[in-house]
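Enquirer: Numbered by the working numbering, the letters in the sequence shown go through residues 21 to 634 in order. We put the beta carbon where it would ideally sit given N, CA and C, even for glycine. The structure follows.
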Amino acid sequence: MKPNYMILALFCLIVTTGDLISQKSDPRPRLPLIYIQSSNGMASPSWEGGRSELEFADMNQDGFVDIISIGDHGSPYINAGIHGIMVYFGDGQGNWSVQMTGNFGYGGIAAGDVNNDGFMDVGYGMHHNYSSDDLGDQLIEVALGDGSGVNWTPWDDGLATSGETYGMFGTDFADVDNDGDLDLGNISFGCCNGVRVYLNNMDGTWSPSFNMTGGNSDMIFEFGDINNDGFMDLIAGYEYGTVFLGDGTGHFTINDQGLPLAGSMGRYGPSLGDINNDGFLDLAFTSYSGGVFVYTWNDEQQQWENASGNLPASGTFEMTQLRYMDMDGFVDLAIFGRGTFQLYLGDGAGNWTADATFTSGSPGYAKAFRVGGDVDHNGYPDIVFLEQVGTWISYKNHLRCYREASVPQSLSIKPVFPRGNELLWQNSIRFIDWITAVPGTASSQVKLEFSISGPEGPWNLIAESLPDNGRYQWPVPMVVSNNCFIRYTVTSGESSHTSITPAAFTITDGTVGMKEKANQSIELQVYPNPAGSKILVGGRRSAGSGQLSAGSGQDLPVNLCIFDMMGRKLKSFSAVQNFPFEVDVSDLQQGFYQLRVQFENGRSSSAKFLKIIE
21 MKPNYMILAL
31 FCLIVTTGDL
41 ISQKSDPRPR
51 LPLIYIQSSN
61 GMASPSWEGG
71 RSELEFADMN
81 QDGFVDIISI
91 GDHGSPYINA
101 GIHGIMVYFG
111 DGQGNWSVQM
121 TGNFGYGGIA
131 AGDVNNDGFM
141 DVGYGMHHNY
151 SSDDLGDQLI
161 EVALGDGSGV
171 NWTPWDDGLA
181 TSGETYGMFG
191 TDFADVDNDG
201 DLDLGNISFG
211 CCNGVRVYLN
221 NMDGTWSPSF
231 NMTGGNSDMI
241 FEFGDINNDG
251 FMDLIAGYEY
261 GTVFLGDGTG
271 HFTINDQGLP
281 LAGSMGRYGP
291 SLGDINNDGF
301 LDLAFTSYSG
311 GVFVYTWNDE
321 QQQWENASGN
331 LPASGTFEMT
341 QLRYMDMDGF
351 VDLAIFGRGT
361 FQLYLGDGAG
371 NWTADATFTS
381 GSPGYAKAFR
391 VGGDVDHNGY
401 PDIVFLEQVG
411 TWISYKNHLR
421 CYREASVPQS
431 LSIKPVFPRG
441 NELLWQNSIR
451 FIDWITAVPG
461 TASSQVKLEF
471 SISGPEGPWN
481 LIAESLPDNG
491 RYQWPVPMVV
501 SNNCFIRYTV
511 TSGESSHTSI
521 TPAAFTITDG
531 TVGMKEKANQ
541 SIELQVYPNP
551 AGSKILVGGR
561 RSAGSGQLSA
571 GSGQDLPVNL
581 CIFDMMGRKL
591 KSFSAVQNFP
601 FEVDVSDLQQ
611 GFYQLRVQFE
621 NGRSSSAKFL
631 KIIE
């Protein structure tokens with residue numbers, strides 16, 4: 021049979037045309053991203069020195085991303101004009117105007133709606149709690165906003181009451197106990213107040229749920245669901261550990277298994293992001309020698325695996341951010357240090373391609389670094405950082421914003437979170453994130469809907485006429501399904517564009533999507549704790565109660581290891597025996613340790629204990 025050349029030619033035309041259309045909708049799919057400085061309005065007031073934290077958030081709900089902080093060492097009014105809660109309001113074109121409230125500062129900050137009234141609030145940890153009134157007189161605080169970004173009401177009773185004595189810093193919000201409100205966590209300014217988590221009682225009071233004291237810090241703290249069990253975990257630049265897995269009640273257990281040794285202040289500049297779209301969050305950080313590392317979470321082995329690929333093992337980098345930067349569906353790695361920004365594009369398989377780079381001030385030490393907010397609605401995330409410029413005595417911190425330079429040709433919206441494979445608990449608070457491209461200076465609004473029956477719907481309204489600021493705080497509905505999708509619609513004038521999450525995610529009440537974790541998970545018990553020369557290791561099912569009197573089948577412990585809080589393995593031996601069994605720890609020095617037991621089914625469990633000298 022002779023080929024039909026007419027059909028073949030038509031087929032080729034359709035394929036070629038389709039490629040052209042795809043390229044036209046994304047004008048630079050394979051060219052390096054280009055960033056231009058957009059710091060107009062950031063030069064005054066001047067900053068001083070030391071560390072800080074920056075966040076993107078739309079504080080006045082006008083649809084344009086703002087930048088918030090509580091300043092560096094110069095806050096309040098110390099060789100600088102900065103003070104209190106600082107909001108740099110964005111105009112959507114890369115211009116900024118600052119409003120400052122309060123007589124305090126030098127610390128970290130987070131944004132979220134803690135009382136569920138629809139307005140953005142802030143939480144912060146600080147070193148300079150110099151205020152004479154309720155706003156700014158505690159080391160840890162939360163303040164309610166009214167939607168203006170300039171008026172703040174203290175809502176902080178019970179915070180900084182768990183032994184904090186010196187100063188707190190990096191701060192974040194998340195619903196760690198899945199009860200429908202945001203809780204707060206943060207890390208010490210330095211030595212020795214450690215890592216703290218407080219639960220929100222929804223009446224202006226907070227209750228401590230977790231603290232780990234002592235140790236130095238890199239002042240960075242971030243929540244995220246690392247092991248995709250629906251319970252929020254946390255990472256911290258902390259001497260005694262980087263990764264802490266949550267149990268859904270506000271308690272956390274360290275798991276740095278597989279990570280390289282940390283420095284005296286922990287692993288530097290850590291951040292979280294899902295580089296392979298499997299629903300599990302992965303970890304990036306820098307080393308003391310300025311190298312960059314990425315590790316993926318292996319849930320079956322309950323440990324970290326190196327996915328650094330061709331990333332530089334040494335250099336001048338200080339802080340990392342794992343974010344979608346070129347919007348191709350794979351998380352990328354943005355890094356900054358010593359006045360140099362470098363972007364590495366990810367491919368989802370642990371390979372990294374160097375892309376955009378630029379230099380700023382000298383020496384340009386990184387004092388704060390954040391990417392992810394799209395300040396001009398061009399469809400690509402932008403960058404803000406604080407860097408130290410000049411030499412000792414005369415040095416100053418400079419706040420700089422760089423935005424991606426492309427000009428959108430058509431209206432579009434792309435999902436950022438969720439993207440599929442995530443596990444969300446019903447009744448919890450999670451954030452829906454997106455990014456839009458809006459041609460010109462037209463205003464835009466967003467509509468969000470969800471389906472529990474697949475990408476064809478039917479669709480249920482989440483919210484509509486939302487400010488197009490890239491984030492919505494979502495009370496996860498009381499449904500159960502492993503076939504959930506979100507539909508995003510952006511509208512500008514007479515035009516609209518719709519996107520749907522690329523893959524299904526799960527909303528659970530514990531009955532679906534859990535991979536029988538509750539039945540397989542063993543919660544280790546160490547007796548006594550604090551321990552002397554010997555410990556008794558027992559176990560019980562996390563989902564049930566009662567000590568396991570015998571290990572049978574997949575419950576049989578086969579190996580036991582003891583690590584110090586830096587993640588170094590100190591002891592390892594066979595543990596093929598039933599619970600409970602005795603372990604000699606007489607050769608350990610006084611301090612905190614982690615005991616890890618591996619079972620026949622390949623899963624593992626761990627517990628922390630304190631060894632004391634009797």
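1. Which one of A627, V458, G205, G143 has the shortest CA to CA distance from N549?
2. Going by C-alpha to C-alpha distance, which of I88, Q113, G112, W116 sits closest to H103?
3. Buried or exposed for A333, going by 16 or more other Cβ atoms inside 10 Å?
4. As a quick exercise: from F313, G70, P174, V458, pick the residue whose alpha carbon is nearest that of I105.
5. Give me the Cβ distance between D78 and I449, rounded to the nearest whole Å; I'm assuming they're in contact under 8 Å.
6. What are the start and end residues of the beta strand (DSSP E) that includes L468?
7. For the beta strand (DSSP E) containing E424, list its first residue and its last residue.
8. Going by beta carbon distance, what residues of the same chain come within less than 7 Å of P475, once the five residues before and after it are set aside?
9. Going by the CB atoms, is the gap between G299 and N441 shorter than 7 Å?
10. Bridge partners for Q260 per DSSP, in chain order?
11. Beta-carbon separation of A386 and G357 under 7 Å?
12. Could you check if I455 is buried or exposed, using at least 16 other CB atoms within 10 Å of its CB as the buried criterion?
13. Have a look at the DSSP bridge pairing and note the partners of F405.
14. Keeping to the same chain, check which residues put their C-beta closer than 8 Å to that of F124; ignore five residues upstream and five downstream.
15. Whose C-beta lies closer than 7 Å to the C-beta of V351 among residues of the same chain, with five residues either side of it excluded?
16. Mapping DSSP to helix, strand and coil, what is P228?
17. Could you give the distance in angstroms between the alpha-carbon of A63 and the alpha-carbon of Q465?
18. Ignore the nearest five residues each way along the sequence and tell me which others in V107's own chain have a CB closer than 6 Å to its CB.
19. Rounded to whole angstroms, what's the CA-CA distance from S516 to G477? Just pull it up for me.
20. Tell me whether the beta-carbon of K631 lies closer than 7 Å to the beta-carbon of V605.
21. State yes or no: is the C-beta of G112 within less than 7 Å of the C-beta of F76?
22. Please classify T379: does DSSP put it in a helix, a strand, or coil?
23. Give me, in chain order, the residues of the same chain whose beta-carbon lies closer than 8 Å to that of T225; leave out the 5 immediate sequence neighbours on both sides.
24. Taking the DSSP output, what are the residues bridged to H517?
25. Just the Cα atoms here: how many angstroms apart are L556 and V546?
26. Output the distance between the C-alpha atoms of A327 and D238, rounded to the nearest integer angstrom.
Expert: Per the coordinate set shown:
1. For the purposes of this step, residue 549 is taken as residue 529 along the sequence shown, with counting starting at 1. Selected option, being the one with the closest Cα: A627.
2. As a working note, residue 103 is residue 83 in the sequence shown. It is I88.
3. Indexing the sequence shown from 1 puts residue 333 at position 313. Classification of A333: exposed, given that the 10 Å Cβ count is below 16.
4. Reading the sequence shown from its first residue, position 85 is the one you call residue 105. If we check each option's Cα against that of I105, P174 comes out closest.
5. Counting from 1 along the sequence shown, the entry for residue 78 is found at position 58. Counting from 1 along the sequence shown, the entry for residue 449 is found at position 429. D78 to I449, Cβ: 17 Å. No contact.
6. Start at 1 with the first residue of the sequence shown, and residue 468 comes out as number 448. Start and end: 465 to 471.
7. Counting from one through the sequence shown, the residue named residue 424 turns up at place 404. E424 -> beta strand (DSSP E) spans 416 to 424.
8. For the purposes of this step, residue 475 is taken as residue 455 along the sequence shown, with counting starting at 1. Closer than 7 Å at Cβ, skipping near neighbours: F505, I520.
9. The sequence position of residue 441 within the sequence shown is 421, counting from 1. The sequence position of residue 299 within the sequence shown is 279, counting from 1. Yes; because the gap between Cβ atoms is below 7 Å, this pair is in contact.
10. Working through the sequence shown from its first residue, we reach residue 260 at position 240. In the sequence as displayed, the identity of residue 260 is Tyr instead of Gln. In DSSP, Y260 forms no bridge with anything.
11. If you number the sequence shown from 1, residue 386 lands on position 366. If you number the sequence shown from 1, residue 357 lands on position 337. Closer than 7 Å, so yes.
12. Locating residue 455 in the sequence shown gives position 435, counting from the first residue. Its Cβ being crowded by 16 or more others within 10 Å, I455 is buried.
13. Against the sequence shown, residue 405 aligns to sequence position 385. The partner list for F405 (beta bridge, DSSP) reads F389, R420.
14. Indexing the sequence shown from 1 puts residue 124 at position 104. Excluding sequence neighbours, F124 sits near I90, S95, P96, H103, G104, M146, H148, N149, Y150, S151, L155, G156, D157.
15. Locating residue 351 in the sequence shown gives position 331, counting from the first residue. If we look at V351 and ignore the five residues flanking it on each side, its Cβ neighbours are G293, D294, I295, L342, R343, Y344, G366.
16. Mapped onto the sequence shown, residue 228 falls at position 208. Secondary structure at P228: strand, using DSSP grouped into helix, strand and coil.
17. Here the question's residue 63 lines up with position 43 in the sequence shown. Here the question's residue 465 lines up with position 445 in the sequence shown. Spanning the two alpha carbons is a distance of roughly 31 Å.
18. Your numbering for residue 107 matches position 87 in the sequence shown. Excluding positions up to five away in sequence, the list reads M79, D86, I88, Q119, G169.
19. The residue given as residue 516 occupies position 496 in the sequence shown. The residue given as residue 477 occupies position 457 in the sequence shown. Cα-Cα distance, rounded: 19 Å.
20. Taking the first residue of the sequence shown as 1, we reach residue 631 at position 611. Taking the first residue of the sequence shown as 1, we reach residue 605 at position 585. In this structure, V605 lies closer than 7 Å to K631 by Cβ.
21. Indexing the sequence shown from 1 puts residue 112 at position 92. Indexing the sequence shown from 1 puts residue 76 at position 56. Note that the C-beta distance between G112 and F76 is not below 7 Å.
22. Residue mapping note: residue 379 aligns to position 359 of the sequence shown, counting from 1. It is a strand residue.
23. Residue numbering aside, residue 225 sits at position 205 when the sequence shown is read from its first letter. Excluding sequence neighbours, T225 sits near D177, G178.
24. Counting from one through the sequence shown, the residue named residue 517 turns up at place 497. Partner(s): V510.
25. As a working mapping, residue 556 is identified with position 536 in the sequence shown. As a working mapping, residue 546 is identified with position 526 in the sequence shown. In a straight line, the C-alpha of L556 is about 6 Å away from that of V546.
26. By 1-based counting over the sequence shown, the position of residue 327 is 307. By 1-based counting over the sequence shown, the position of residue 238 is 218. Cα to Cα, the separation comes out at about 23 Å.
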